[in-house]
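Everything on this sheet refers to the single structure shown next.
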Amino acid sequence: MDKELIIRSSSETVDFALLKDGKLIELQKDEDDNNFSVGDVFIAKIRKTVPGLNAAFVNVGYDKDAFLHYHDLGPKLLSLLKFTKRVSTGKLRDFSLKNFPFEKDIEKDGKIVDVLKSNQSLLVQIVKEPISTKGPRISSELSIAGRYIVLVPFSSRISISQKIEDRAEKDRLKRLVKSITPQGFGVIVRTVAQGKKVAELDKDLQNLLSRWTAMSKKLHKAHHPSKVLGEMNKASSILRDIFNDTFTAIHVDDEELYYQVKDYLQEIAPKKESIVKMYQSSKVPIFEKFGIERQIKTSFGRTVSMAKGAYLVIEHTEALHVIDVNSGNRSNKASNQEETALEVNLIAATEIARQLRLRDMGGIIVVDFIDLTNAENRQKLFNHFREEMKDDRAKHKILPPSKFGLIQITRQRVRPEMKIKTREENPNGVNGAEVEAPIGIVQKIEQDLELLLRKDYKKLTLNTHPFIAAFLTKGFPSIRSKWFFEHKKWVKVLPRDAYTYLEYHFYDKDGNQIK
């Protein structure tokens with residue numbers, strides 16, 4: 099399993115594409131005007147408390163007030179309020195928390211009006227970016243993420259990632275981290291810390307403590323509201339969270355970003371620094387070179403094609419996302435309908451896991467798989483789906499198939515869903531109408547061609563719109579040439595001026611229309 103990270107930079111945005119064995123599995127965008135990223139810490143003011151919601155609306159400088167629920171306050175709220183007030187007024191200059199007297203914990207199911215008041219200053223952290231008409235979701239239980247550990251101020255708890263299953267390793271990490279963690283701070287040990295030595299963990303911890311100190315120093319003269327601790331640049335934060343030994347290359351098309359990535363990799367994995375490559379071709383854009391633009395066009399539409407003619411239909415509503423699995427008009431050698439349904443469902447489960455990450459779909463997702471009558475097959479599908487979702491960093495929960503064959507998923511949503519326009523203006527001149535991008539039509543043609551070649555047609559002729567015909571035949575190697583190398587059969591392509599943009603037909607050697 100090879101992973102590659104492709105980074106494309108423009109004047110306003112930086113795009114990050116993660117490839118797994120050449121297939122696009124994650125796409126993220128970093129925009130210059132995004133001042134409210136997950137992990138940012140703000141010094142803010144309580145606008146008002148709402149007893150009915152047991153929550154407060156907080157001014158963090160966004161158009162809409164941020165939402166802070168009582169359960170997001172954290173047990174050490176009173177200690178945080180005391181620390182913030184004393185540091186802001188200049189009465190406290192020691193930020194280590196070693197000699198800081200903690201207040202008692204707030205009640206687990208208390209009321210927000212008992213602990214917060216309007217116009218009160220508070221340190222808060224973005225846990226969910228602004229989405230649609232809603233402001234950011236925030237928490238006052240602060241945490242600062244590093245490569246191997248997460249630092250939690252005003253805590254004494256040492257937690258180990260649940261993904262580390264080895265009991266002896268868990269005990270080792272807990273013992274090491276306990277020995278280096280200063281008083282007043284808790285630590286969450288991340289999965290990538292597995293097998294690491296105390297020196298590496300301590301270096302990460304000291305870096306996080308430095309960031310805490312730098313943030314605390316800003317509080318004395320900080321405006322309300324203002325950002326006092328920002329997440330590291332997007333390239334570094336992505337590498338911090340996903341980088342491992344399976345990465346074989348990181349390609350960057352911007353010199354400044356190239357050195358940023360190289361420096362960060364030198365810090366976290368010096369032996370892997372050489373995999374960072376500067377992409378300098380002026381003729382072919384970086385996303386075109388690695389086939390990412392093609393994959394984006396074919397992966398973000400309402401319909402998503404899969405292997406062997408199967409496809410997904412993805413619908414979005416305000417309340418939830420619905421995914422329908424279809425087998426398509428494919429021939430199959432499976433001996434019965436149940437085997438066919440299981441085969442399609444397993445292919446679909448793999449693609450759905452990819453789509454959830456790729457589009458960053460969150461909230462409630464309902465998947466309508468093809469009905470399976472055999473309980474053993476339903477369990478096999480469920481287990482396969484859970485295995486495919488293991489690499490997903492977003493918190494999620496998958497319920498077993500219902501009696502109707504539906505699988506329900508909840509997936510953490512912390513930023514707006516990734517939406518890519520996959521339709522283009524209709525070249526036939528119909529006002530306001532849009533059609534699929536050429537690459538989407540080409541994909542459909544390729545699926546039909548594969549089905550026809552399976553039926554052993556000797557000679558095939560494809561009649562299609564001149565735009566599409568040129569798209570298939572121009573360049574070297576052309577798409578038609580690739581068909582020949584793959585299937586060992588030449589397909590004649592004839593442009594037809596009378597055809598609409600979406601229209602195409604296949605003919606056999608006798609001129610009879612077969613598709």
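Just so it is clear: in the sequence shown, position 289 is 387 by my numbering, and no numbers are missing. We put the CB at the ideal spot given by N, CA and C, even for glycine.
- When DSSP reads this structure, V411 sits in a beta bridge with T401 and D422.
- Contact between P323 and G159 holds: their C-beta atoms lie close to 4 Å from each other, under 8 Å.
- In the DSSP annotation of this structure, the continuous segment of the beta strand (DSSP E) that includes T559 starts and ends at L558 to T562.
- About 7 Å separates the Cβ atoms of A154 and K146, confirming a contact at the 8 Å cut-off.
- Ranked by Cα distance from D351, the first of S216, S107, A312 and P499 is S107.
- Residue pairing by DSSP puts L125 in a beta bridge opposite A115.
- Comparing alpha-carbon positions, the option among G460, F574 and Y555 lying closest to K586 turns out to be Y555.
- Collapsing the DSSP output to three states places V540 in a helix.
- Between Q545 and G407, the C-beta spacing is below 8 Å.
- In this structure E124 is buried. Its beta-carbon is surrounded by 16 or more other beta-carbon atoms within 10 angstroms.
- Contact between L307 and L249 holds: their C-beta atoms lie close to 7 Å from each other, under 8 Å.
- In this structure, L444 keeps its C-beta atom at 8 Å or more from the C-beta atom of S397.
- Shortest Cα-Cα distance from L117 to any of R452, F181, E416 and I224 involves R452.
- L440 places its beta carbon less than 8 Å from that of L470.
- When the Cα atoms are used, T182 and V148 turn out to be separated by approximately 23 Å.
- For the beta strand (DSSP E) assignment, the uninterrupted runs of no fewer than 3 residues enclosed by the region 159–229 are, from N- to C-terminal side, 164–167 and 219–226.
- Across the structure, T346 and Y362 are spaced so that their CA atoms are roughly 16 Å apart.
- By the C-beta density criterion, T279 is buried, having at least 16 other C-beta atoms within 10 angstroms.
- Membership of S335 in the alpha helix (DSSP H) is indicated by the continuous run K332 to I340.
- A straight line joining the alpha-carbon of R184 with that of S194 spans about 14 Å.
- Within the DSSP secondary-structure output, E102 pairs in a beta bridge with L117 and A347.
- At the C-beta level, D302 and G233 stay beyond 8 Å of one another.
- Under the three-state reduction of DSSP output, Q378 falls in the coil class, being neither helix nor strand.
- A direct Cα-Cα distance of roughly 23 Å separates N561 from R392.
- Secondary structure of A266 (DSSP, three-state): helix.
- The region 381–390 makes no contact with the region 420–427, as fewer than three CB pairs between them are under 8 Å.
- Taking the Cα positions, G399 is about 33 Å away from E353.
- In this structure, D300 is the residue among D300, T289 and I258 with its C-alpha nearest to the C-alpha of S277.
- In this structure, DSSP gives Q304 a helical state, which the three-state scheme calls helix.
- Contact annotation: Q218 and K143 have beta-carbon atoms nearer than 8 Å.
- For F155, the enclosing beta strand (DSSP E) starts and ends at A153 to N157.
- DSSP links H585 through a beta bridge to no other residue.
- DSSP places K325 in the strand class (E or B) of the three-state scheme.
- Its chain contains V591 and P593 as the residues whose beta carbon lies nearer than 6 Å to that of A567, once the 5 sequence neighbours on both sides are disregarded; these appear in chain order.
- For V136, the secondary structure class from DSSP, reduced to helix, strand or coil, is coil.
- In chain order, V248 and V250 place their CB closer than 6 Å to the CB of S241, counting only its own chain and leaving out the 5 sequence neighbours on each side.
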